[in-house]
Structure formats: structure tokens, C-alpha cells
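Note sheet for the following structure.
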Amino acid sequence: ILNTDNKEIVELCKRASIMPRKNSKGHTYFSYDEVKNLRKVQAQQKVTNPVITAGAKQPTAIQNILTSLKEMENSLSDRIAKVIDEKLEGMDEVVVELIRCKTDNETLRQKIVDLNKELYQLKNELNSYKPVAMGFYVKKNGHVWE
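Per my numbering, residue 253 is the first one in the sequence shown, and the count goes up by one each step.
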């Protein structure tokens, strides 16, 4: 059906991911869909093989074009890498500044927490004094919540 030898059929089965089945007499058989898939893989293999063999015997004009393309690719890659390096160089300074700001922010937050604690203590101290008469105050002995 495929007009080929057993070795090529085995290779085609591997490429198409098809497991051959055997009948009760031990003969290998394939379904109609599997044969279609094997033919497609065989056709693709025939198309790709001439391209590979033709690549070995390229004329000088094609070689020159390929060389020029590789040089252009390398120069473009170098230019892009240079631009990216320049952009990232500026980013280092930004990252350092961001880290410094974050550290300052954390320090200020801790100061706010400490000042809130001190404010709470001072309010409790203020509430522990009881006004007597004529601007005199007496300190209570108990806690505010008692």
C-alpha cells in the first residue's frame, strides 16, 4: 500500500506515533485512517529530504546571501543588546533609590508606632489626675479602667 520496505514503515510508524496491530495469523495491519496518516508522513519525508540534500550543494550566490543575513542578524542582535544594557544601567540607580525609600518608609512607620504608644501612655497619665478645686489636681491611685 505504501510501496516501501519494512524499515521505512517502522520509521513512519514512529514519526506518526502509530502502533501496528497484528491479526490472528500474525500479519500486521493498519486501519484506513492510520494508512492515510502514514502516507502524509511519507509525503512530508519525501519533501524534506530533497531540501536537505540540496542544502549541501549551494551556489556561491546563496552562500553570500546567507552570510550577509547572518552578519545582519549578528549586528542587529548586538545593537539590541547594547540598547537593553543602556536601559538597564539606568534601572540600577532606580532600584537602589527604591530600596532606600522603602527603608526610610519602614523607619517612619516604626516611629509612628512608637509615637502612638507614647501618646497612649501620656493620655493614660493625664486621665489619672482628678481635678480638685481652684486648678489643683490630685493623682488617682487606681487605673483608668477601674
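In this text, a Cβ means the ideal position worked out from N, Cα and C, and glycines have one as well.
Drop a sphere of 10 angstroms on the beta-carbon of LEU290, count the other beta-carbons inside from all chains shown, and report buried for 16 or more, exposed for fewer. By 1-based counting over the sequence shown, the position of residue 290 is 38. That one is buried.
Flag this pair as yes or no: are the beta carbons of TYR381 and LYS391 separated by less than 7 Å? Against the sequence shown, residue 381 aligns to sequence position 129. Against the sequence shown, residue 391 aligns to sequence position 139. Yes, the pair counts as a contact, with Cβ atoms nearer than the cut-off.
Local Cβ density within 10 Å of VAL347, reported as buried at 16 or more and exposed below that: Residue mapping note: residue 347 aligns to position 95 of the sequence shown, counting from 1. With fewer than 16 Cβ atoms within 10 Å of its Cβ, VAL347 is classed as exposed.
Can you look up ALA306 in the DSSP assignment and give me helix, strand or coil? As a first step, residue 306 is located in the sequence shown; it is residue number 54 there, counting from the start. The pLDDT assigned to ALA306 is 49, lower than 50, so where the model puts this residue is not dependable, and the model offers no usable value.
Since I believe VAL287 is in contact with ALA268 (beta carbons under 8 Å), could you give me their beta-carbon distance rounded to a whole number of angstroms? Against the sequence shown, residue 268 aligns to sequence position 16. Against the sequence shown, residue 287 aligns to sequence position 35. Not a contact, Cβ separation roughly 10 Å.
Host alpha helix (DSSP H) of VAL365 (start-end): Taking the sequence shown and counting its residues from 1, one reaches residue 365 at position 113. That run of the alpha helix (DSSP H) goes 312-379.
In three-state terms, what does DSSP make of VAL287? One-based indexing of the sequence shown puts residue 287 at position 35. Correct three-state label for VAL287: helix.
State the Cα-Cα distance for the pair HIS279 and PRO272, rounded to the nearest angstrom. The count along the sequence shown starts at 1 and reaches residue 279 at position 27. The count along the sequence shown starts at 1 and reaches residue 272 at position 20. Taking the straight line from one Cα to the other gives about 10 Å.
Just verifying my parser: in three-state terms, what is the DSSP assignment at VAL390? Locating residue 390 in the sequence shown gives position 138, counting from the first residue. Looking at VAL390 - three-state DSSP - the assignment turns out to be strand.
Element boundaries [alpha helix (DSSP H), containing ASN258]: The residue labelled residue 258 in the question sits at position 6 within the sequence shown. Unbroken alpha helix (DSSP H) run through ASN258: 258-268.
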